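Per full-length UniProt numbering, the sequence shown starts with residue 1, numbered consecutively. One structure below.
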Amino acid sequence: MASPLFDRLALIGIGLIGSSLAQAVRVRGLAQEISISTRSASTLQRAEELRLGDHYSLDAAVAVEGADLVILCVPVGANEAVAKWIAPALQPGAILTDVGSTKGSVIAQVAPHVPDGVHLIPGHPIAGTEQSGPDAGFPTLFEDRWCILTPPEGADPAMVQKLSAFWRACGSDVDVMEAGHHDLVLAIVSHLPHLIAYNIVGTADDLETVTKSQVIKYSASGFRDFTRLAASDPTMWRDVCLNNKDAILEMLARFSEDLSALQRAIRWGDGDMLFDLFTRTRSIRRSIIEAGQETDAPDFGRTKPS
Ligand SMILES: NC(=O)c1ccc[n+]([C@@H]2O[C@H](COP(=O)([O-])OP(=O)(O)OC[C@H]3O[C@@H](n4cnc5c(N)ncnc54)[C@H](O)[C@@H]3O)[C@@H](O)[C@H]2O)c1
Ligand SMILES: O=C(O)C(=O)C[C@]1(C(=O)O)C=C[C@@H](O)C=C1
């Protein structure tokens, strides 16, 4: 077991990501104590039943008292309100970070409330599932996954190193990049795929000629992979769309143009165009597998071990 990197970790929000972090930190001994706060009493009680922490409070300001690492694990739309709430109770010298799927929004909404002497270093583990809530968490979620840190200009490099060491100790590889760049990259590799999944499953559901029973019956195909993503948490994804609006709209525009080109190729019987595209995309999947980033499994998700 590693020696504790932090004395007291405060987790605000204890769903899939907060719960997985609590368990990873516990298993690996990365903090002396864990303090947990979340919005609803029933979720907090469940966290206590699962023994995810040492201290529990419905008051986020109480939970962050004395913490040298504070991690916001709430939907990105809740970050600003939480930051305002905890700001007066943050300990000087503490690292304040988050796990949100959008990063420019965190700097815009959280940074103005962070007191002098507290180090804001936003983060994003590229690891998750379509499940939510404390029961969905598991300690190996972050292993062999990337975690991206987006320190604002002027961030203390020693604190960035310390947070990187924390994520590495959780089993992740760490990359540091500018928040705007993160948001563009994630818009295409994560946000757009989720929107496509929500859209295709919604369209299938709307089709009057295809009954729901047929959708279920024949979904042991590519459609099933879309249904997994489309089962992801509605609050989380609403907030992602609203907080990465520009990058998502940019990627949707590019996507729609390329889809129109595909539509045109089908209409005009341009088999060469279709074949060339499908060949190019097949090689991308193969290079991801060769790089060891994915097994040849039917979906890209990581499931909680049973
Ligand atoms: N689910 C994923 O695959 C995934 C992966 C990486 C990052 N993320 C990011 O992690 C964050 C948490 O996602 P999750 O999947 O753990 O969600 P979740 O729904 O499982 O958990 C969210 C938690 O936040 C709490 N919460 C909500 N609003 C709150 C508020 N105003 N104050 C205090 N607590 C509040 C909820 O009670 C719950 O405990 C999000 O920002 C999301 O973008 C999610
Ligand atoms: O595998 C999944 O279920 C996920 O959606 C995880 C996923 C992703 O798109 O890769 C989703 C959102 C996060 O911000 C990070 C990871």
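Using N, Cα and C, we set each Cβ at its ideal position, and we do this for glycine too. What you are looking at is a predicted structure, and each value in this text was computed from that prediction instead of being measured.
- TYR218 is bridged by DSSP to nothing; it lacks a bridge partner.
- Every unbroken stretch of the beta strand (DSSP E) spanning 3 or more residues and falling wholly within the segment 10-61 is given here in chain order: 31-37 and 55-57.
- In the pairwise beta carbon analysis, the segment 72-83 is classified as touching the segment 109-124: at least three pairs are separated by under 8 Å.
- Counting other Cβ atoms within 10 Å of its Cβ, ILE14 reaches 16 or more and is therefore classed as buried.
- DSSP places HIS194 inside the alpha helix (DSSP H), whose first and last residues are 192-206.
- Of all alpha-carbon atoms in ASN244, HIS194, LEU96 and LEU120, the one lying nearest the alpha-carbon of THR129 is that of HIS194.
- Secondary structure at CYS147: strand, using DSSP grouped into helix, strand and coil.
- Checking the 6 Å criterion, the Cβ of GLU130 is within range of a heavy atom belonging to ligand 2.
- Counting C-beta pairs closer than 8 Å gives fewer than three between the segment 43-61 and the segment 160-176, which falls short of the contact rule.
- Assignment of LEU249 by DSSP, reduced to helix, strand and coil, places it in the helix class.
- The nearest non-hydrogen atom of ligand 1 is 6 Å or more from the C-beta of THR211.
- Residue VAL240 holds the alpha-carbon nearest to the alpha-carbon of LEU184 among VAL240, TYR218 and ALA204.
- Rounded to whole angstroms, ILE126 and LEU149 show a C-alpha spacing of 11 Å.
- When only Cα atoms are considered, ALA165 and ARG264 end up about 50 Å apart.
- Fully contained in the segment 46-131 are the following beta strand (DSSP E) runs of length 3 or more, in chain order: 55-57, 69-72, 95-98 and 123-125.
- Using a cutoff of 6 Å, the CB of ILE126 counts as near ligand 2, since one of the ligand's heavy atoms is closer than that.
- For ligand 2, no non-hydrogen atom lies closer than 6 Å to the CB of SER105.
- Checking the 6 Å criterion, the Cβ of ALA78 is within range of a heavy atom belonging to ligand 1.
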